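Under the working numbering, the first residue of the sequence shown is numbered 36, with each subsequent residue one higher.
Quick reminder that beta carbons are idealized off the backbone N, C-alpha and C, glycines included.
From a predicted model like this one, the values you see are computed outputs, not experimental measurements.
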Amino acid sequence: MGREVTLPLIVDRQGGLHVSAADVSKLLRTVGGHWLRMVHAGHETLDEDTVAALTIELAKLADRIDVACIAHSSSAPEAPGARRPHP
């Protein structure tokens, strides 16, 4: 059960630390999946209904993060120097 998770940190110009939204979304889904595998393996200390409910909520949060990122990406102005393909 002692799996190590590494999230790459992004340092901004002011020294603030950030984590990629895609990495956070993946982490949430991974945690839920790990819990479900533990339940299916017969881990007696885990309640199946509680794990299922928590896993669903983690997936919903990951979905909201993904949707927000997609919305942000599709509404972001074009990067300087980027070229659009010719029609």
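*Have a look at the DSSP bridge pairing and note the partners of V46.*
L52
*Pairwise C-alpha distance: G51 and P122*: Since pLDDT at P122 reaches only 49, below the 50 mark, its modelled position is unreliable, and no value is offered.
_Opening and closing residue of the alpha helix (DSSP H) in which V40 lies_ = Taken as a continuous stretch (DSSP letters only), V40 belongs to no alpha helix (DSSP H), as it is neither H nor E.
*Rounded separation between C104 and V54 - CA only*: 13 Å
*On the three-state DSSP scale, how would you describe E79?*
coil
*Distance, Cα to Cα, E83 vs L93?*
15 Å
*Between T90, L71, S110, which lies nearest to S60 when the distance is taken from Cα to Cα?*
T90
*Among R48, D47, Q49, V66, which residue has its Cα nearest to the Cα of T41?*
V66
*Identify which residue in L44, L62, E39, V46 has its Cα closest to the Cα of I100.*
L62
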